[in-house]
Amino acid sequence: MKLDMAIEELHRSENHLVTVLTSMSDKHKADHEVFYVTRDMAKWSREHVADLARIGRDFGLDLDPEASEDPGLLSAMKQRASVLTGRRSAPGLLLLADLRHLYREAAGTSVDWELLAQGAQGAKEQELLDIAERCHPESLRITRWANAHLKVTSPQVLAS
Amino acid sequence: MGRIDRIAEPWGSRTPYGPGETWPTRVDSYLADGLTEDDVDRWVQSATILHSNGDALDIAVKDERIVGVRGREVDRVNHGRLGPKDLFGWQANHSPDRLTKPLIRRKGKLVETDWDTAMDAVAGRAKELLEEQGPSAISFYTTGQLFLEEYYTLGLIAHGGIGTNHVDGNTRLCTATAAAALKETFACDGQPGSYTDIDHADVIALYGHNMAETQTVLWTRVLDRLAGPNPPKVICVDPRETPVARAATVHLAPRPGTNVMLMNALIHEIIENGWIDREYVEAHTVGFAELEKQMKGYTPELAAEVCDVPAEQIREAARILGQAERLLSTVLQGFYQAHQASAAAVSVNNINVIRGMLGKPGCGILQMNGQPTAENTREAGADGDLPAFRNWENDEHIADLARVWNIDPMQIPHYSPPTHIMQQLRYMEEGSIRFLYVTATNPAVSLPELRRIREILAQDRLFLVVQDIFLSETAQLADVVLPAATWGEKTGTFTNVDRTVHISDKAVEPPGEAKADLDILIDFAHRMGLEDKDGAPLVKWSDAEGAFEGWKECSRGRPCDYTGMSYDKLRGGSGIQWPCNDEHPDGTERIYEDGRFWAHPDYCESYGRDMITGAPVEETEYKAMNPTGRAVLKAAEYIGPHELPSQQYPFQLMTGRTLYHFHTRTKTGRAPQLNAAAPEVWVEMAAGDAADRGFTEGDLLRITTPRGRVEARLRVSGIRPGALFLPFHYGYWDTEDGSQPKKKRDGRAANELTLTDWDPVSKQPIFKTAAAAVERISKAKGQVSAAPTTTGSAPVTGSVPPTTGGDAALAEELVTTGDRR
Ligand code: SF4
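As you go down the protein sequences, you meet chains A and B in turn. UniProt numbering numbers the first residue of the first sequence as 1 and each following residue consecutively. UniProt numbering numbers the first residue of the second sequence as 1 and each following residue consecutively.
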């Protein structure tokens, strides 16, 4: 059975997603919706990391239930820098690049959840399936948000 | 006939009535200078312009001047009654400081100029930018106070002519969540309730809606029910002890930023106890199973902890809601301007839907708005929507709109929803929007985080046009100021909260060279050379009635169908509720009867959004979820507010309104009786919090947030502990400072303190949860704060003289039996 590997991989990618979301948030402090919504969504990924660590134990894994994150100081510095640059130059392109990146990471994670759900179903692991069914939609919502925000932002950035 | 002080008694005398009976008429009037009705030369039909209730009135004219107003007895909305703002607010029309000539900025100063110079400058700059950058450089920010004809023309110019996606109204601060919540549940805007639901309801639930102050005449209707036989039960959700809270059977005062938690617990209880209409849910809704599942964990105990409301009270409220036979729910800014605004407002819809309480007398939802013509910005496409509730994601709707306008569909931007004002500001900050045309609103006082707003508006690279009736704080920052006519000086129509359309006829000439907004907009369109695809002028009308006829065609077959109306039909009698067409020539009182909605994928205005991220739902997804167009039950998880109190900023600051003022006081601050009733800003704090700090009534306090500082005198009121309240009306035009606080000086505008954050679904800014600190600048020494005693700011300590208006505020009241018509 390779479910443990799948859990471990997902734990890694959800962890990464937390970092992507929070560092994106810090970088776009002057873009208020991006700043707040990415933070709210990061909470989902943090919960997913904890869920995976918990269920991982049943599969002999020892995973950290806490997502590894930027220390507060670093994040505060990034935020301050982003407010300064964000209000002057044209940070639109940077935002587009970050949204694309987030989209790809979240889409990858969401596919991994799908895989895990399939695997859990095959192995008749109910609890694991429950977790996958709870978490998968949330990673899809992150993908959709990134996609939607790209659609809203790109015309202004590209056409002006 | 009696005369009473309508400042001291904002709701006037009681005319009690019972369930199912007709609300008695009471004709309120006020004439200035000791005039009587015999002195009046003529009466001109109109409706109120200082709130959203749509109270019908006649304007008294003598010697070509407005001299007073009288409520229209025949009208379905107010049955003759008027509120204090209606009775006294019109006097602002005569203010000596009205704008009477166009102004243009020369060497840094605004100087008088002529119309040609001003309009050529405006159109010239717009054309230059179109050439240089394209439509993405140009944006429009309008209001909730123009007329339908003006919004429709503005939407046509912006979306159809210039082709910009950047169009919004200050209704973003006001009614955006009402529209968003209706779009989530019913996939389309359109008010499910009617004011007559008050006549029938056995339970009226007001969520964050201080109706007593925001729609005084509607509250009068409730008071008359409460004074009559078999009165309804009232549920009030509000962190302040408002007049509504004082009249309530149950008053829930949750911690700011926890509305969704509270709503979820109420729904949890209703479902757990089986107080649901299973048949209705099965026949007419989608999403119940998911709602049931998601609400499982939200017990009253959990909510009690998060919201700081006793669990027993939550149960009691749920029981009343769950056992109601005719439930009317109303919602306003306490929900709309709060954290998770749309999710909270949608939850209110959910309760009525799962209880099957729609489309029947007494069973309604009123997702309210604050401004008189806010509904029209939504319908006519001037506030971040497309005209007549067309769906920007539906290509056929765009093609149809292009047909009506005789332009190429590509010309209408529909690659994403129209750009809301908060995002527009972001583009101005980045420098990609370089032209902003503001009509009849005052963002330099009403938007959050004013220091940032002023910085953005004052940029050299931004060309700012302000069209208004006074030199507002915003106008003082403009490059060109265009003097406009106002209510009473121009003709047009507007629609109130419950879909009632009124005509407002021109009573007198505008002052000086001021012109109707419609005329200015049409002039702008012509100077821009805007054409349809056959080379004819894009704007095909030259007056209000022509614009109305144009709008009727645009609305044909859509939910807000006006085709059965005409100016003639609107004159003489009562206002008419849309849809009004061949099928319903007298209008439609109740929509959504028998579970018939406008939610079909091909017809609906919106496929909805994610309740947390705000990402639009795609067409395919919506079709799969709701193929036959039922009501959509949407659940939302509770998430905490983004700015929480801390040791440094221990309070939660809410901003809001008072009964006697409207918006940034441009009019009400110039009406003597209204201004005297609430002349200066104040801050409210709970008695316990004040006592802990040794503060007393009238102390001068400084309120600080990370964004700024405001000075205000303390009113110890019935607000919940831990919260502060500041009225947001007060700006700088009537201070020495003019447009903003002098350097290093504390501000007066509450929005110096608010944060830039908005609900991702409705994009409505959050004004109810800013972390704040308070310190005392000086002791009261016998002075009291200027807060009214008749309202939510009523004192709970000390001896404060009651708010009265004296002789100047005496207005007539005539309770009739209906034979006066
Ligand atoms: S005061 Fe509030 S509710 Fe009233 S119009 Fe202004 S924003 Fe809307």
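C-beta atoms are modelled at their ideal positions from N, C-alpha and C, and glycine is treated no differently.
Residue B:Ala712 holds the alpha-carbon nearest to the alpha-carbon of B:Val784 among B:Ala712, B:Ala749, B:Glu812. Counting along the chain, B:Ser566 sits inside no beta strand (DSSP E), nor does DSSP assign it H or E at all. By the criterion of a C-beta distance shorter than 6 Å, A:His48 is surrounded in its chain by Glu14, Cys135, once the five residues flanking it on both sides are discounted. Taking the Cα of B:Gly384 as reference, the smallest distance to any Cα among B:Val348, B:Leu156, B:Gly688 is reached at B:Leu156. For B:Thr439, the enclosing beta strand (DSSP E) begins and ends at 435-439. Note that the C-beta distance between B:Ala440 and B:Ile453 is not below 8 Å. Chain B has a Cβ within less than 8 Å of the Cβ of A:Ser160. Going by beta carbons, B:Arg499 and B:Trp405 fall outside the 8 Å limit.
B:Pro239 and B:Thr299 have their alpha carbons spaced roughly 21 Å apart.
Between B:Gly688 and chain A, the shortest Cβ-Cβ separation is not below 8 Å. Distances from the CA of B:Cys580 to each of B:Ser555, B:Cys604, B:Tyr603 were compared; the closest alpha carbon is that of B:Ser555.
Beyond the five residues adjoining it in sequence on each side, B:Ile267 comes within less than 7 Å, by CB distance, of Met295, Ser347, Asn350, Ile351 in the same chain, given in chain order. Sixteen is the threshold: when 16 or more other Cβ atoms of the shown chains lie within 10 Å of the Cβ of B:Arg81, as they do, the residue is buried. Taking the CA atoms as reference points, A:Leu52 sits about 52 Å from B:Thr664. A direct Cα-Cα distance of roughly 29 Å separates B:Leu477 from B:Ala771.
For a cut-off of 8 Å, the C-beta gap from A:Ala123 to A:Leu3 is around 6 Å, short enough to register as a contact.
Non-local C-beta neighbours of B:Lys233 in its own chain, meaning closer than 6 Å and more than five positions away in sequence, comprise Val203, Thr249, Ile320, ordered along the chain.
Chain-order list of chain B residues neighbouring A:Gln156: Ser136, Tyr427, Ser432, by C-beta distance under 7 Å.
Beta-bridge pairing by DSSP links B:Asp168 to B:Tyr141. Under a criterion of Cβ atoms nearer than 8 Å, no residue of chain A is adjacent to B:Asp737; the nearest Cβ is some 25 Å distant. Close to A:Gly92, with beta-carbon spacing below 8 Å, are these residues of chain B in chain order: Glu430, Ser432. Under the three-pair Cβ rule at 8 Å, the segment 84-93 of chain B counts as touching the segment 668-677 of chain B.
Secondary structure at B:His502: strand, using DSSP grouped into helix, strand and coil. Rounded to the nearest angstrom, the gap between the Cα atoms of B:Glu752 and B:Gly587 is 44 Å. Per DSSP, the unbroken alpha helix (DSSP H) holding B:Phe288 starts and ends at 288-295. Of all residues in the segment 604-618 of chain B, only Arg609, Asp610, Ile612, Thr613, Gly614, Ala615, Pro616, Val617, Glu618 come within less than 9 Å of chain A when Cβ atoms are compared, listed by chain position.
Under the Cβ distance rule, A:Arg57 does not count among the residues neighbouring chain B, no pair being separated by less than 8 Å. Counted as a single uninterrupted DSSP element, the stretch harbouring B:Thr493 is not any alpha helix (DSSP H) but the beta strand (DSSP E) occupying residues 492-495. In the three-state reduction of the DSSP assignment, B:Pro300 falls in the helix class, which pools H, G and I. About 19 Å separates the beta carbon of B:Ile314 from that of B:Ala345, a gap too long to meet the 8 Å contact definition. Contact check for B:Gly359 against B:Tyr592 passes: the beta carbons are separated by less than 8 Å.
By the rule that beta-carbons nearer than 8 Å mark a contact, B:Tyr415 touches chain A.
Boundaries of the alpha helix (DSSP H) harbouring B:His268: 259-272, taken from the DSSP string. Rounded to whole angstroms, B:Gly640 and B:Ile703 show a C-alpha spacing of 23 Å. Secondary structure within the segment 65-110 of chain B: the alpha helix (DSSP H) runs of 4 or more consecutive residues, fully enclosed, are 84-89 (chain order). B:Met654 sits in a strand when the DSSP states are folded into three classes.
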